[in-house]
Every structure is written in C-alpha cells, then in structure tokens.
Amino acid sequence: MSVPSCSSKGLNNETTKEEVVYGKWERFTNWVHCICIVTFDLELGQAIEAIYPSHVKLSEQERSNVCYLAFPDSNSGCMGDTQYHVRIRQSSKTMQETNALKEYDRKSPSFLQTDRDYYWGYVYFRQVKDKSLPRGYFQKSVVIITKLPFVNLFGELCALIAPEFFETGIALMEAVVREIDHWPPPVPGQIVHLPLIGVLFQTYIPNQNYKAVVPTIAAMEHTSNMHATRRLMLTSTYEGDMFRSLASVVSYVHLLWELVLLSEPIVVMASSPTTCSEMVQALIAMIAPLKYCADHRPYFTIHDSEFKEYTTDSPTPPAVILGVTNPFFAKTLQHWPHIIRISNGNNSEDQKYKIKRSENLKVLDSKPGVYTQYKSFLQKDKTILKKLFRGIQTKRPGEVQTALLKRHLIELTESFMIPLERYIATLMPLQKNISPFKATPTPQMFNPDDFLASLTSSGPQLTTGIKGDWVGLYKRFFRSPNFSGWFHTRYMELSQQLQVKQLEKLSQADLKTWVQGKQEVEVVDMILRIRQKLEKSCIDDVPIDNSVREKLRERINDITHVLPDDLKVILRHES
Numbered sequence: 048m049s050v051p052s053c054s055s056k057g058l059n060n061e062t063t064k065e066e067v068v069y070g071k072w073e074r075f076t077n078w079v080h081c082i083c084i085v086t087f088d089l090e091l092g093q094a095i096e097a098i099y100p101s102h103v104k105l106s107e108q109e110r111s112n113v114c115y116l117a118f119p120d121s122n123s124g125c126m127g128d129t130q131y132h133v134r135i136r137q138s139s140k141t142m143q144e145t146n147a148l149k150e151y152d153r154k155s156p157s158f159l160q161t162d163r164d165y166y167w168g169y170v171y172f173r174q175v176k177d178k179s180l181p182r183g184y185f186q187k188s189v190v191i192i193t194k195l196p197f198v199n200l201f202g203e204l205c206a207l208i209a210p211e212f213f214e215t216g217i218a219l220m221e222a223v224v225r226e227i228d229h230w231p232p233p234v235p236g237q238i239v240h241l242p243l244i245g246v247l248f249q250t251y252i253p254n255q256n257y258k259a260v261v262p263t264i265a266a267m268e269h270t271s272n273m274h275a276t277r278r279l280m281l282t283s284t285y286e287g288d289m290f291r292s293l294a295s296v297v298s299y300v301h302l303l304w305e306l307v308l309l310s311e312p313i314v315v316m317a318s319s320p321t322t323c324s325e326m327v328q329a330l331i332a333m334i335a336p337l338k339y340c341a342d343h344r345p346y347f348t349i350h351d352s353e354f355k356e357y358t359t360d361s362p363t364p365p366a367v368i369l370g371v372t373n374p375f376f377a378k379t380l381q382h383w384p385h386i387i388r389i390s391n392g393n394n395s396e397d398q399k400y401k402i403k404r405s406e407n408l409k410v411l412d413s414k415p416g417v418y419t420q421y422k423s424f425l426q427k428d429k430t431i432l433k434k435l436f437r438g439i440q441t442k443r444p445g446e447v448q449t450a451l452l453k454r455h456l457i458e459l460t461e462s463f464m465i466p467l468e469r470y471i472a473t474l475m476p477l478q479k480n481i482s483p484f485k486a487t488p489t490p491q492m493f494n495p496d497d498f499l500a501s502l503t504s505s506g507p508q509l510t511t512g513i514k515g516d517w518v519g520l521y522k523r524f525f526r527s528p529n530f531s532g533w534f535h536t537r538y539m540e541l542s543q544q545l546q547v548k549q550l551e552k553l554s555q556a557d558l559k560t561w562v563q564g565k566q567e568v569e570v571v572d573m574i575l576r577i578r579q580k581l582e583k584s585c586i587d588d589v590p591i592d593n594s595v596r597e598k599l600r601e602r603i604n605d606i607t608h609v610l611p612d613d614l615k616v617i618l619r620h621e622s
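The number in my numbering is simply the position in the sequence shown, starting from 1, with 47 added.
Right, dumping it as structure tokens:
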C-alpha cells in the first residue's frame, strides 16, 4: 500500500509552457525574478524598454509600479547616478516559489524571509545631459526585481550591472542573466560565491542563529578557489549603515523603537529616494530579530497603485512606514501621527533633530525633525546614548557605532520578546496528551491576562535595566500587526511540532495488536487518516524524517492484510 510522498511529480500533458520555462530558469529564479530596463519615452513617459529574461511576464499593475518607482519623483535634483530600493506589491500569480527559496525560508531568520505578496526592487537610475537626445537628457534605470531582502548585496550587484549596461547594452545583460542562472542556491548558514561579469561576490547568508559569528573577510578569502578579475566580499547581505541613517535622530531612538514595534503609521520625508529608503530600512531593522509585519515602502510615489489606500483621510492611517520625496505628501499626509523630516543635505551626525510636539500637526514647517505627540512607555537608556554621542565627538568609525546601536536594540527587543516566548511555550499540550489514535491536539490560545500576570516573576526586568510601563507597552503591542504576525507564526510552528510528534508516535504504535477485533470500516478509516496526515504534512511543509514515513508505510501494511482483496485493490487504486 503506497504512502503519499512530498516529491514533485513528473511533467504531464497538462503542464503549461510557462511551467516548462520556469523549470528551465529555476536557478536564476532562486535569486532574481527579472531585471527591468526602464526609460523615458516622449509619448508614454516612463516605460519598460526590456525585461530579462524575456519570458518573464509582469501584470499591468506591476509594470506601472515598476515604471514609476524606477525614476525619482523629482528628477531635477537627481543628476548623475542615484541608487535606492523599493517594495512592490505582487499582483500576478505566475511567480512560483522555487524549492531552494522554500528551503531558504525554513532556515532563515523570520525578518529575512521572503514575502509571498511583495517583490523587492533594487534601482539604479542615471540622468545625464545628452544633446543628441530629444529632451537633452539621458534618463534610464536598471531595476533588479527579486523576492530576497538582501539590500546590501543587491545594491552592490546593481551598482556593477547598471553602469556596464549603460555603456555596453543588450549583450551585457544577456551575459548577466546567463551567469546568475549558474549561481548556487541561497543556503542560510553558508558563504556563497557569486561570479558576475568579472567580479566574484562573496557573502554570508544568515541562518536562524542570527547571533552567529559572521565569517570575516579573511575567512571568506580562504573559502574559494574561483578566479576573478576582482573580488567583493560582503560580511552582510542585508544590513546597511544603520547609524548613519539614524544619527540625526539618535536621541529619540527608543521612542522610534516603540513606534516601529507597535506598527505605528510613520512617514519619512526626504529630498532623495536614497535617503528615505535607507531611513525606512533602518527603522524596520530596529526591532530585529522580531519581523516587521506591517507594510513598509522604502520609496513611495503618488503614482503607486496603493496611493489612494495609503493617503485616505481616515482619522487612523494604515499601519505602514512610507518613504517619500514628493512635496505633495507634506500636505496629503500632514494628518499622520508620526512624521520624520530629513534635511536636504546628507543625513550627517552633526545634525540634531528635535521632537516637535505641536498641538496641531497640520502646521508643518520645512525644518527637519520628528513630528509626533506620542509619549513613550519606556525611559531612555542614557548609557548607550552617551556612548554613541561620545563616538560622534571622537569620530569613532561608523561601523563601530552601528554595531553598538544594533547590539543595544537587539538586546532591547529580546528583553521584550523573551517573556512572550517563555509564555507561548506553556501553551503546548503535555506529551502524555498526544495519542496516535486521536486527532492531533492544538496549542492553547493566547490569554493576555495570564501573560501579563506572569510579568511580575519573569518580565523584562530580568534582562534589562530600562524602566517604564512595560505592561502598557505589551497591551498596545497586542493590538499591532507585529504581534499578530509573530503569534500566527509561532502558533503554526507549535501546531507543526504537534503534527510531527503525533506522526512519530503513530509510526511507533503497535497497530498489529490494535487491528485485532476491529471492523473493516475502522481499519479503512485508520488507513485513510494516516494518508491524510501525511498529505497535510506535505501541504504544510511539516519537516518529517524519511524514516518516519517509512515506518508509517509499514504500519499501513500491518493492518491492510486483514481487509478483503477487493477492498485492498480499491485502496491501492485511490492511493
């Protein structure tokens, strides 16, 4: 009697041409969905000139969003080359997740997992004077569209590809696509070697142990025997310069941490997409290792398909962080509760922004600052602030400042989350309540009152010296998308653990004894239930050892022999 398998089936007559092409380009799709070339057309405005590989199809909405996000809202201030990144809502359903990306999501930290509803776009825009062109300007962008949130890696890749493409043209892009299609998959916990047009990129893909020591550049140098004209070693695929982005608002880093933790609506107003996208990225990174589960748009324009959705006059704006450059937003979003205005110059460490607690936030002047009426639940940690300010005075290297700030924020987030993790572990049923002959038990539901009662003995005070209204912060957190996203993920993980434990018990059960004296209908029901559990484990991607599957096949054989031959044939046919 056969047992359902999770392995993919061979191609059949119903396999579409798209699926055949998808299979051919699977290694490319592990890293990149497509690369778009966006240009300015005198009649159409921004338009996609080409998509590589050419078989990739974007929906009309996706094409429109890519076109408008590929050019800065105000081109006049962006002469030369401009780099930034965006998030684009996926509206087409043609994108299939590769097996390598599924495995990546299983092994990567939650805050670096892919999002089935969004693409990341990494943009390199060039605008230079060219009298030979009708408008007197060369305006073109290269946009790498991918499912991976590797801001640092793809920023470097884009910075290599785009200038070469602007000089060389189509042949260069075809070579890029071919090389990416030979890259190894992104495996968490490993150093990957990615050769591209003469440059060897070497970087480390983080795994769930996000605190693991990242390989040094020296270690990377000894891990490859590949030859390249030039090597570029990145110690991080995803981290930008957090301190550089937050330096001007570092005095309010604890307030901003709370706003991001609570999924509060925030708009970042800057003069360039580079500045606002880096700031938005720094904000969501503040709550790592907790995944930011609300929406965030590192760069957002008035032409975005979600413009109306996010600029509604509702008294409660949506839970989203927007990075914008168009002055139009200063008026459209003036009612938002939290606004960060960044100066026109570089976001330097010398700038000192102030909290503007105006009673009427509609009165927005042009001065940089943080505009909010929010009152923090927690006190500031003055020790870390003194260290950071001392670093500014002594010209401490930016990477050291970022490391100090990042470590402090991780410890703060962990102090907040550890009591929640400790409590959720108590929601698991006892081992003795897991029976191979009954339905799989489910975890208990989250009870806020029970959790809050546990804080007296096992609250954040055990791991941090920061004082404040922790209970009030938790109560507010329970109403946020970040809590919903975290709890849903943890609840699903607990449910999967219970599925695994029950299947393991079932694989070890003495069904030869159980089957004695049972009616045919009971035996058939047991066979079907085992099959259904295995099918569900495949659908839910529950990690079950092959040895357990083999034992379950043996358990089915243990009880099948008592059935009449005609029933055996029917069950075999339906398997």
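Built from N, CA and C at the ideal position, the CB exists for glycine as well.
Among the options, nearest to residue i - alpha-carbon criterion
i: P233; options: V170, Q543, L148; result: L148
i: V224; options: V79, V570, Q563; result: V79
i: R578; options: S594, R602, K565, K559; result: R602
i: F484; options: P466, F530, G236, Q555; result: Q555
i: S188; options: L200, F212, L195; result: F212
i: K548; options: R576, P488, L502, S501; result: P488
i: I331; options: S361, F347, E286; result: E286
i: R163; options: R136, P181, V170; result: R136
Buried versus exposed, by CB contacts within 10 Å (16 or more), residue i
i: N256; result: exposed
i: P444; result: exposed
i: N77; result: buried
i: Q478; result: exposed
i: E203; result: buried
i: T441; result: exposed
i: L91; result: exposed
i: N604; result: exposed
i: Q143; result: exposed
i: N494; result: exposed
i: P196; result: buried
i: S482; result: exposed
i: G438; result: buried
i: N529; result: buried
Distance, residue j Cα to residue i Cα
i: W533; j: L89; result: 47 Å
i: Q130; j: V175; result: 15 Å
i: W167; j: Q249; result: 21 Å
i: A209; j: T145; result: 26 Å
i: D588; j: L243; result: 33 Å
i: L247; j: D152; result: 25 Å
i: P51; j: K598; result: With a pLDDT of only 46 at P51, under the threshold of 50, the placement of this residue in the model should not be trusted, and no figure is reported.
i: P364; j: S298; result: 26 Å
i: T358; j: I389; result: 20 Å
i: I191; j: I84; result: 9 Å
i: V103; j: A500; result: 54 Å
i: S505; j: P466; result: 6 Å
i: L553; j: G564; result: 19 Å
i: I252; j: Q160; result: 12 Å
i: D557; j: R537; result: 32 Å
i: P374; j: I387; result: 14 Å
i: S531; j: M492; result: 13 Å
i: Q508; j: C340; result: 26 Å
Beta-carbon spacing of residue i, residue j below 8 Å
i: L303; j: M333; result: yes
i: S138; j: Q93; result: no
i: P625; j: P156; result: Residue 625 is absent from the structure shown; the chain starts at 48 and stops at 622.
i: V367; j: D351; result: no
i: P119; j: F185; result: no
i: P345; j: S319; result: no
i: L456; j: L520; result: no
i: P362; j: Q420; result: no
i: E305; j: S423; result: yes
i: C81; j: I98; result: yes
i: E567; j: L610; result: yes
i: Q12; j: S594; result: Past the edges of the chain, shown from 48 to 622, lies residue 12, and the structure says nothing about it.
i: M475; j: L550; result: no
The alpha helix (DSSP H) enclosing residue i, as first and last residue numbers
i: D342; result: It is not in any alpha helix (DSSP H) - D342 instead sits in the beta strand (DSSP E) that spans 342-344.
i: K453; result: 445-472
i: P210; result: 198-215
i: G519; result: 517-524
i: I591; result: Where I591 is concerned, there is no enclosing alpha helix (DSSP H), given that its DSSP letter is neither H nor E.
i: G127; result: Run containing G127: none in the alpha helix (DSSP H); it sits in the beta strand (DSSP E), 127-136.
i: Y99; result: First-last for Y99: 92-99, but that is the beta strand (DSSP E), not the alpha helix (DSSP H).
i: I439; result: 429-440
i: G532; result: 528-555
Start and end residues, beta strand (DSSP E) containing residue i
i: R578; result: Looking at the DSSP string, R578 is not in any beta strand (DSSP E); the run it does join, the alpha helix (DSSP H), is 567-586.
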